[in-house]
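Q: One point on numbering: in our numbering, the residue at position 33 of the sequence shown is 115, and numbering is uninterrupted.
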Amino acid sequence: MRYERHVIDVQTGEVGVGTGNTALVSSAIGSCIVIGLYDPVACAGGLAHAMLPGSAPIHGTDNVLKIHFERGSPTGAAAS
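#1: Measuring straight from C-alpha to C-alpha, what distance separates VAL184 and VAL123?
#2: What residues are listed by DSSP as bridge partners for THR104?
#3: Rounded to whole angstroms, what is the Cα-Cα separation between VAL116 and TYR85?
#4: Could you check where the beta strand (DSSP E) with GLY128 kicks off and where it finishes?
#5: Excluding the 5 residues flanking ASN103 on each side, which residues of the same chain have their C-beta closer than 8 Å to its C-beta?
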């Protein structure tokens, strides 16, 4: 008998729900909050990955560099 697990990746701003052999996972939490609920009677759970107000998602090095360039970085070099 083979044990199979279904994995649901809950991204920023998403909600995931699963039952039985389902694993709910969330990564890149940073300044976000993740809320998890589980009902042992129904064997069902949920996971919400919420972004706090005022924060913007940054994915990948290119976006980080772009945002620092556009906004200016307080730790960056002074203009010459």
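Every residue gets a Cβ at the ideal spot worked out from N, C-alpha and C, and that includes glycine. The model shown is predicted, which means the values in this text are computed figures rather than measured ones.
A: The structure says:
#1: The structure shown has nothing for residue 184, since the chain only spans 83 to 162.
#2: Counted from its first residue, the sequence shown places residue 104 at position 22. HIS88.
#3: Against the sequence shown, residue 116 aligns to sequence position 34. Against the sequence shown, residue 85 aligns to sequence position 3. Those two C-alpha atoms are separated by around 27 Å.
#4: Mapped onto the sequence shown, residue 128 falls at position 46. Note, GLY128: beta strand (DSSP E), 126-132.
#5: Counting from 1 along the sequence shown, the entry for residue 103 is found at position 21. TYR85, GLU86, ARG87 and HIS88.
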